[in-house]
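Just below is one structure, and these are the notes that go with it.
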Amino acid sequence: MFSEAGVLDLRVDDAPRHLQSQLSEMGFSVVAAVRPPGLPGSAYIIPNGASFYSSSEDMVAIASFVNGGGLAVMLDAEDGEGAAQRSLIAKAMGFQGGWSLCKSLGSNSHYSYGHPALDTQARSFLPDAVWPAELEDVRVTSVHSRCLHEDASAVSWPLYTVLDDPDMVVAQAFSRVGAPGAVVWLGYSWKDGPQAEWGAMLRTLIEAFGTGGHANTPRSPSESPLGTTMRVP
């Protein structure tokens with residue numbers, strides 16, 4: 001997603017530039033795109049924006065990319081109480097039915113929730129990954145309840161939570177039984193600039209998928225999706 005698509009206004013929002021700068025500094029090749037590249041070793045990252053994700057993105061292309069083993073990372077949507085995230089995740093993963101639980105719990109724009117801490121389920125998602133123990137308490141970071149979909153094939157893993165509460169999530173991964181790819185939602189928008197630990201966590205995700213961080217595709221909710229992505233448009 002980029003400015004020419006009419007989704008991001010880079011005149012007033014530097015978050016996409018901050019994100020691109022940090023990814024480049026970490027050594028990734030960053031290419032502006034309006035749809036997933038469909039290339040091995042690629043990830044598709046959707047910056048924060050005011051538009052409804054699933055109305056702005058090519059959802060057929062994203063679903064195909066994820067079903068082929070791709071990693072799609074979405075930063076928190078600016079508006080809609082989490083509706084933009086729920087819609088994109090469901091369409092990308094092909095979930096049928098509704099969300100049994102997925103609620104916006106606000107953000108740290110007015111008061112601190114403390115440093116997000118690694119959830120134990122992150123290691124179930126990427127068992128061999130080296131995760132930062134904590135992330136920066138940076139504004140603005142949105143908090144959701146754990147999002148659970150009623151589709152019987154849906155699987156998800158909270159990655160980071162705040163206030164030592166497993167139901168206050170700032171990063172979560174989604175996939176489905178038998179699917180090789182995943183969608184990851186991150187609550188930080190990058191509006192406050194690059195952050196060392198948020199960047200390290202994003203690197204962990206990209207590199208794990210790019211190097212085949214799993215041995216098997218999930219056959220039950222306790223297993224992890226196989227990832228094959230690295231380059232970031």
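Residue 233, in the UniProt record's numbering, is where the sequence shown stops; the numbers in between run on with no holes. Ideal Cβ positions, reconstructed from N, Cα and C, are used throughout, including at glycine. Keep in mind it's a predicted model, so treat the numbers as computed, not measured.
Just the C-alpha distance for residue 223 and residue 153, rounded to the nearest angstrom, thanks. Here residue 223 is taken as the residue at index 223 of the sequence shown, counted from 1. Here residue 153 is taken as the residue at index 153 of the sequence shown, counted from 1. With a pLDDT of 46 at residue 223, under the threshold of 50, the modelled position of that residue is not reliable, and the figure given next carries that caveat. Those two C-alpha atoms are separated by around 12 Å.
Under a three-way DSSP split, which group does residue 157 fall into? What you label residue 157 is simply residue 157 of the sequence shown in a count that begins at 1. Of the three classes helix, strand and coil, the one that applies to residue 157 here is strand, per DSSP.
Measuring alpha carbon to alpha carbon, tell me which of 187, 205, 191, 42 ends up nearest residue 16. In the sequence shown, residue 16 corresponds to position 16, counting from 1. Among 187, 205, 191, 42, the Cα nearest to that of residue 16 belongs to 191.
Rounded to a whole number of angstroms, what is the C-alpha to C-alpha distance between residue 14 and residue 22? Translated into positions along the sequence shown, residue 14 becomes position 14. Translated into positions along the sequence shown, residue 22 becomes position 22. Rounded to the nearest angstrom, the two C-alpha atoms are 12 Å apart.
Residue 89 and residue 209: beta carbons closer than 8 Å? Along the sequence shown, one-based indexing puts residue 89 at 89. Along the sequence shown, one-based indexing puts residue 209 at 209. Their beta carbons are not under 8 Å apart, which means residue 89 does not touch residue 209 by this criterion.
Unbroken beta strand (DSSP E) run spanning residue 73, endpoints: The residue labelled residue 73 in the question sits at position 73 within the sequence shown. 71-75 is the span of the beta strand (DSSP E), which, as asked, contains residue 73.
By DSSP's criteria, residue 46 is part of a beta bridge. Which residues make up the other side? Taking the first residue of the sequence shown as 1, we reach residue 46 at position 46. Per DSSP, 74.
When you compare each of 71, 46, 103 to residue 207 by their alpha carbons, which one comes out closest? Position 207 of the sequence shown holds residue 207. Residue 207 has its Cα closest to that of 71, out of 71, 46, 103.
Check each candidate in 61, 36, 99, 47 and name the one with the smallest Cα separation from residue 202. Here residue 202 refers to the residue found at position 202 when the sequence shown is read from its first residue. When only C-alpha atoms are compared, the closest one is 47.
Own chain, CB closer than 6 Å to residue 103, minus 5 neighbours either side, in chain order: In the sequence shown, counting from the first residue as 1, residue 103 sits at position 103. Cβ contact annotation for residue 103 (same chain, cutoff 6 Å, sequence separation greater than five): 145, in chain order.
By the three-class DSSP mapping on this structure, what secondary structure does residue 186 have? By 1-based counting over the sequence shown, the position of residue 186 is 186. Three-state DSSP puts residue 186 in a strand.
Rounded to a whole number of angstroms, what is the C-alpha to C-alpha distance between residue 6 and residue 113? As a working mapping, residue 6 is identified with position 6 in the sequence shown. As a working mapping, residue 113 is identified with position 113 in the sequence shown. Here residue 6 scores only 44 on pLDDT, less than 50, and its place in the model should not be relied on; the value that follows carries that caveat. Cα-Cα distance, rounded: 33 Å.
Three-pair Cβ contact test at 8 Å for the segment 62-70 versus the segment 155-169: no
Residue 24 beta carbon less than 8 Å from that of residue 31: Looking up residue 31 in the sequence shown gives position 31. Looking up residue 24 in the sequence shown gives position 24. Result no, Cβ atoms of residue 31 and residue 24 do not sit closer than 8 Å.
Use the C-beta contact count for residue 96: other C-beta atoms within 10 angstroms, 16 or more gives buried, fewer gives exposed. Locating residue 96 in the sequence shown gives position 96, counting from the first residue. The C-beta of residue 96 has fewer than 16 other C-beta atoms within 10 Å across all chains shown, which makes the residue exposed.
Roughly how far, in whole angstroms, is the beta-carbon of residue 143 from the beta-carbon of residue 170, given that I think they are within contact range, below 8 Å? One-based indexing of the sequence shown puts residue 143 at position 143. One-based indexing of the sequence shown puts residue 170 at position 170. The Cβ separation is near 6 Å, so the contact holds.
Span separating the alpha-carbon of residue 58 from that of residue 182: Position 58 of the sequence shown holds residue 58. Position 182 of the sequence shown holds residue 182. One C-alpha to the other measures close to 16 Å.
Among the candidates 45, 133, 94, whose CA atom is the shortest distance from the CA of residue 196? To locate residue 196, count along the sequence shown from 1; it is residue 196. When each option's Cα is compared against that of residue 196, the closest is 133.
Determine the closest residue to residue 111 out of 119, 138, 131, with distance taken between C-alpha atoms. Here residue 111 refers to the residue found at position 111 when the sequence shown is read from its first residue. Considering only 119, 138, 131, the residue with the shortest C-alpha distance to residue 111 is 138.
Starting from residue 143 and walking both ways along the beta strand (DSSP E), at which residues does that stretch end? Looking up residue 143 in the sequence shown gives position 143. From DSSP, the beta strand (DSSP E) with residue 143 extends over 142-144.
If distances are taken between C-alpha atoms only, which option among 119, 99, 148 comes closest to residue 135? Start at 1 with the first residue of the sequence shown, and residue 135 comes out as number 135. Closest by alpha carbon: 119.
Quick one: what's got a C-beta closer than 6 Å to residue 68's C-beta in the same chain, skipping five residues either side? Residue mapping note: residue 68 aligns to position 68 of the sequence shown, counting from 1. Here the set comprises nothing.
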